[in-house]
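Asker: If you scroll down you'll find the structure; I have some questions about it.
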Amino acid sequence: MFPVRCRTGRGSPSIGAADPPDARAIVRNPLVRGCCRATLAALIACAAGVITADPAASFGVAEETDPTRPRPADRVTTSASREPDAINYDRDIRPILSDRCFKCHGPDAATRQAGLRLDERESVTEARDGRTAVLPGRAEDSELWRRIASDDPAEVMPPPDSNKRPLSPSERELIRRWIEAGAEYTPHWSFVPPQRPTVPEVENEDWCVTPVDRFILARLEAEGATPSPEADRATLIRRLFLDLTGLPPTPEEVEAFETDERPDAYERQVDHLLNEEPYRTRHAERLALPWLDAARYADTCGIHMDAGRQMWAWRDWVLTALKENAPFDRFLTEQLAGDLIPNATDAQKIASGFNRNHVTTDEGGAIAEEYLVEYAVDRAATTGAVFLGLTLGCARCHEHKFDPISQEEFFSFYAFFNSIEEPGLYSQLPDPNRAFEPFMLVPTEAQNRDRAELKDRLDKARADLNLSSPEEAALLETFLARTSEELGVAWTPARVIEAKSTGGATLTVQPDGSVLASGENPKQDDFVITLGFDEADSRVLLLEALRDPSLPTGDIGRAFNGNAVLTGVEAEAISVRDRSERKPVRFVWAWADHEQPDGDYRVVNLLNTEDDLGWAVDAHRRDENRVALLLAEEAFGFDGGTELVVRLEHRSIYDEHTLGRVRLTPGRIRDAALARLPVAVGGWYVVGPFPVDDREKAFDAAFGPETDAILDLKRNFGAGNQYWRFEPTFLDERPNVLPDGVNVSYVARRVYNPACRAFDLSLGSDDGLRVLLDGAEVFANRVERGVAPDQDRVLLHLRPGEHVLTMTIVNTGGPAGFYYRAIPNPDELSGLLVGALLPQSALDAGLRSRVAEAWKTAFSPEYRRRREQITELEKRSAELEAAIPRTMIMQELPAPRETFVLTRGQYDKPDRNRPVSRGVPAALGKMPDGAPLNRLGLAQWLTSAENPLVARVTVNRYWEMFFGTGLVRTSDDFGHQGEWPSHPELLDYLAVEFRESGWDVRRLVRLIVTSSVYRQGSRAREDLREKDPDNRLLSYYPPRRLPAEGVRDLALYVSGLLVEKLGGPSVKPYQPEGLWQEIAMPQSNTREYVRGAGEDLWRRSLYTYWKRAAPPPSLLTLDAPTRESCVIRRASTNTPLQALVTWNDEQFVEAARVLAQRTLAEPGDDEHRLARLYRRCTGRSPDADERASLSEALSYFRRRYAADTDAAAALVEIGESPTLTGVEPAELAAWTMIANAVLNLHATLTQG
């Protein structure tokens, strides 16, 4: 039991928001974690307020350390895992050498000392300078023995400064005996393909039900031990239900099994749970939990913004596959390479999302290439851990220190995952339900029908859109023909005198005056093109980015996907008559027919080359030519002829994103016509929020950005490294959200004005608003309000050139936001109407059509009506598409990337002298003949009969699921650092049986749970405590606490709250307020936790929304992982916090209250109801002492709540589920406390 101490005084009057006066004493008292009879007795004392427990008392199972944690090397080969007096190198010696010696004398040549390898017999028996590490049969003459037995700090191995523990006497003795026996080396057991062993003969034949029992019993008999008797039926059925379904049996199910006298009653029950509904679905949900840990499944990306993303369709695929008992080889193959299966189905593509579950980043300034490496490393390491049980990732930076895996072999394995069509850096978007590319839509049948209907209607509406009268067509042609003439725009044919690349590309002048790039495609490149023309008064420069069949995907860029990013345009005019007469050309305004929408890729970025942001042409999504128009500050050119040297800069963070074919044309425009050109604006930037202590002074607070006349992206405004940052979620003509609280935020954008004008703006804000132009205040509104469109009208008077428009948003509390809309000027050529100024050669059919559409939108009422109809249909279609689930999948590049060994594993240090091709570690065999060198071929190798690990690793993991510890305790490491199997022959028998059964998971599960070893009682064996302290002989069933999800699911199930529904989007049940806000970036789309309602509150924990940066707190406290990386074995801890969760968490208090309501609805008296409640939670009836304790506690709580009806009323209102009417709150509160106590009993939280 635990130490207790006397206490005087009363408890606090609250549990969370409403805790009865006595409840806190019980809530804080971990005595409820001990044996049930003592718990119930202590409950009375706690209720009376006279006892508290030691805060270090245990929770659930009385076990304070991780029972699966590998033991020190001198305990690896215990009597439970090796035969007496038998020395085996792989089992007994290698673990010692691996732990203490291989770091300096192992596989890694870079750290190897004295040229000695202790992992190879040839090396240890080779003489060096008259000394030999190992002389077989002569331990005293062996240098190895002399060193490990030495007391001299200068001689002993491992050296004192190695941070390695000295060998224990027992370890030294093992090595001495091994040398004396001949120092034979044997291959590492797990690297040898398993063979079916002979099932051993045993004395107690009657005990054995399955071959599993014979292997277990043979070891027990060899140790002179016997198995434990079978557990009683109530214990056994509860154990089986919890293991197979994750939920306990009902009292009726327990009773039915207890009274079933058929000899095969247990086997029938097993088959019932595995094959019949609803148990088959529950079984799939139970098996899925550890798989989701291993696959690092979550609902957010994990890094920086920790943005939300959709992956639940992959989780549902896992559930369906497990429910249908998909063969494990297919289960593996489709997850590893479903997208590569010929004619892959949608389900197989969804399955490939297994290797998209890893964390991703959207951090501004992150380097895409670095994260592409990180993603591929994660996939390789996860595949190695999940399917091979190896720590492959340890060979990323150097040779593996312990296992025979070289750095070259790691990167050969990595190469299977290094050619996925994905960006390394993802964009920041406000939608928390997006899926990161590559992804696919997963519509329901109803959604597919709606899509088809909307498509038909849209097709017809679009076909009718351009039907126009002859009069309208004539007006359009007039507009296109006369606009350039009216504005005095004239284009000058120019000759390309010279074209060269600074990065080594070949530039060739084409007959149409364009320049085509070919040959080498450097990471960054500038094109320097010299034009010759005669005019002296040019003012504009037309840049055409043209498609060409010689370019990747036939688009306009040289990147693998056809895209390009132009980061700057510089020009200099040179007089042909006098070449010393030169004039730089400064561009002050820009327009383009299209800009990539998912980042700061606007064409005006060409006007500010300091930021290297650039104009992205979006060619990977829209296969059209692109045009850009640049306006110079003043006319350029010389009488007698001009040479214009134009430098097109490609210096973005995206390597090789250069234009492939360009054409440059200078032109003239009248000064008076510049007012017809629209104002050009850049993207929105934000800095802040800056907290303000006094809301009354917030409007007058200043933090620096309000005085900025330029938008300096490198300026630090302090207060936690505050810089201007691009915000892709901010859009014009809609309210935009800013961080809440009492604070000041600044939003700003660059404005480029071609001529003097009034610029009319419609603005809104939450709360106060200040508008600044080039650092000078032009408008202020000290107001408290919610943001809405058109709250303020501001007229700006702009001179020509660049401006910075800044809006200061002063928030006095609660939500914050702003609204921006530029009022159209009917005299301007807005949007695509600027295209009317282009020469006919630049107006291809696509652009001409879009310019015509812009004209009709502005001037044709009938067209606008049709357009509005299409817009409405498109809106409905977009809403439908947004509602369609999506999921991330794998998708190969058209050709594999070159892969090299990365020096020290660093992304930017590929060793060009060490290229690698796809392959597997030689120690594990080779790829099957004829297998493709891709992930599909890798899956074929993993599931081949020659693979030594996959079947072993998998059956060991299932064994661990049912016994708490695997036959190999280190289920996450089958390498040299792993533990020797407790029953090697049984492991191989199960592995071969599993593989030869067609990888039948359900058959394997049935084989294990129908065995006699599984059915044993769980009482610890005093007679074997010294010989087998960890129960590796399995002389009794090892009891253990339920997993985190099982604790919550059990409470929901026994109370009747659990909503059982397979699959669907992740749900958000109860959790404390504000947790996400504490750790989230202000712009994160998962900053606010919006709790679900109704059924979402009571779904199985498997479906809980998983934010990696802040996982569900109750589950995390109960040892669930964060899922930031692959987890094969959960830790098992025992902390007071766990008791606080199950006593205090709203969902557990609510479950106790609803369980109390369910109990009160039972017929009978108090004694009957208490017994029923106890049996529902624990699976058994209380004994006489427990019944007496329950009755006494109930009496106490009745008195307590009768005297404090306010506390009773507060308690029974916790949770969203309806409170039972017709029962006095004091009575329901008393039963709620009893239910809460029983839910927290050791017998409830433990399966044994």
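Each residue of the sequence shown is one higher than the one before, starting from 0 at the first, in numbering that gives the first Met the number 0.
Yeah, the Cβ is synthetic: ideal placement off N, Cα and C, and Gly gets one too.
1) Can you check the segment 116-197 for any beta strand (DSSP E) of at least 3 residues that lies completely inside it and give the ranges in chain order?
2) By Cβ distance below 6 Å, which residues in the same chain neighbour L932 in space, the five residues on each side in sequence not counted?
3) Using 10 angstroms around the beta-carbon of T185, count the other beta-carbons present and answer buried if the total reaches 16, otherwise exposed.
4) For H593, name the three-state secondary structure that DSSP assigns.
5) Which residue wins for smallest C-alpha separation from L1096, given the options P1120, V626, S1065 and P690?
6) Would you say the segment 1117-1135 touches the segment 1210-1218, given that touching needs at least three Cβ pairs under 8 Å?
7) Once DSSP output is grouped into helix, strand and coil, what is the label at C35?
8) Under a three-way DSSP split, which group does S859 fall into?
9) Where does D972 land, buried or exposed, given buried means 16+ other C-beta within 10 angstroms?
10) So, under 8 Å CB-CB, L291 and R314 are touching, yes? Tell me the CB distance rounded to an integer number of Å.
11) Have a look at the DSSP bridge pairing and note the partners of Y684.
12) What would DSSP say about P1064, mapped onto helix, strand or coil?
13) For a test of the three-state rule: what should DSSP assign to L902, helix, strand or coil?
14) Where do the ends of the alpha helix (DSSP H) carrying T319 lie?
15) Tell me whether H649 sits in a helix, a strand or coil according to DSSP, three-state version.
16) I need the boundaries of the beta strand (DSSP E) containing D463, first residue and last residue.
17) Please list the segments of the beta strand (DSSP E) lying wholly inside the segment 1154-1193, counting only runs of 3 or more residues, in order along the chain.
18) Is the Cβ-Cβ distance between D739 and G813 less than 8 Å?
19) Count the other CB atoms within 10 Å of the CB of E484; is the residue buried (16 or more) or exposed (fewer)?
20) From which residue to which residue does the beta strand (DSSP E) around R1107 run?
21) Report back the beta-carbon spacing between V584 and A631 to the nearest angstrom; my notes put them in contact at under 8 Å.
22) On the DSSP bridge assignment, give the partners of W490 in chain order.
23) My assumption, with CB atoms under 8 Å, is that D1165 sits in contact with S1190. Please give the rounded CB distance.
24) Pick out the complete alpha helix (DSSP H) segments inside the segment 368-440, 4 residues or longer, and give them in chain order.
25) So for H271, helix, strand or coil by DSSP?
26) With a floor of 3 residues, list each beta strand (DSSP E) that falls wholly inside the segment 787-821, ordered by position along the chain.
27) Contact between the segment 510-530 and the segment 658-665: three or more CB pairs below 8 Å?
28) Can F635 be considered in contact with the ligand NAD, in the sense that its beta carbon sits closer than 7 Å to one or more heavy atoms?
29) Do A108 and E407 have their CB atoms nearer than 8 Å?
30) What runs of the alpha helix (DSSP H), each 4 residues or longer, lie entirely inside the segment 200-234?
31) When DSSP labels each residue in this structure, what does W979 get in the three-state scheme?
32) Hey, A990 and R951 are a contact pair by Cβ (cut 8 Å); roughly how many whole angstroms apart?
33) Measuring only the C-alpha atoms, how far is P1224 from W683?
34) Taking the continuous alpha helix (DSSP H) assigned at K348, which residues delimit it?
35) Please state the DSSP three-state secondary structure of M960.
36) Quick one: what does DSSP say V603 is sitting in, helix, strand or coil?
Answerer: So, from the listed chains and residues:
1) none
2) R917
3) That one is exposed.
4) coil
5) S1065
6) no
7) Per-residue confidence for C35 stands at a pLDDT of 44, beneath the threshold of 50, marking its modelled position as unreliable; no derived number is given.
8) Here S859 sits in coil by DSSP.
9) Taking every protein chain shown into account, the CB of D972 has 16 or more other CB atoms within 10 angstroms, so this residue is buried.
10) Here L291 really is in contact with R314; their C-beta atoms are around 7 Å apart, less than 8 Å.
11) F725 and A747
12) coil
13) One point to set straight first is that residue 902 is Thr, not Leu, in the sequence displayed. If DSSP states are grouped into helix, strand and coil, T902 belongs with the helices.
14) W311 to K322
15) strand
16) Careful: D463 lies outside any beta strand (DSSP E), inside the alpha helix (DSSP H) at E444 to L464.
17) The qualifying runs do not exist here; there are none.
18) yes
19) exposed
20) It is not in any beta strand (DSSP E) - R1107 carries neither H nor E in the DSSP assignment.
21) 5 Å
22) G666
23) 7 Å
24) Counting only unbroken stretches of 4 or more residues, the alpha helix (DSSP H) elements lying wholly within the segment 368-440 are 406-413, in sequence order.
25) Residue state, collapsed to three classes: helix.
26) Counting whole runs of 3 or more residues, the segment 787-821 contains the beta strand (DSSP E) stretches 791-797, 800-811 and 815-821.
27) yes
28) In the structure shown, the ligand NAD is absent, as is every other ligand, since no ligand is present at all.
29) no
30) 210-221
31) DSSP places W979 in coil when its eight states are reduced to three.
32) 5 Å
33) 56 Å
34) D345 to A350
35) helix
36) helix
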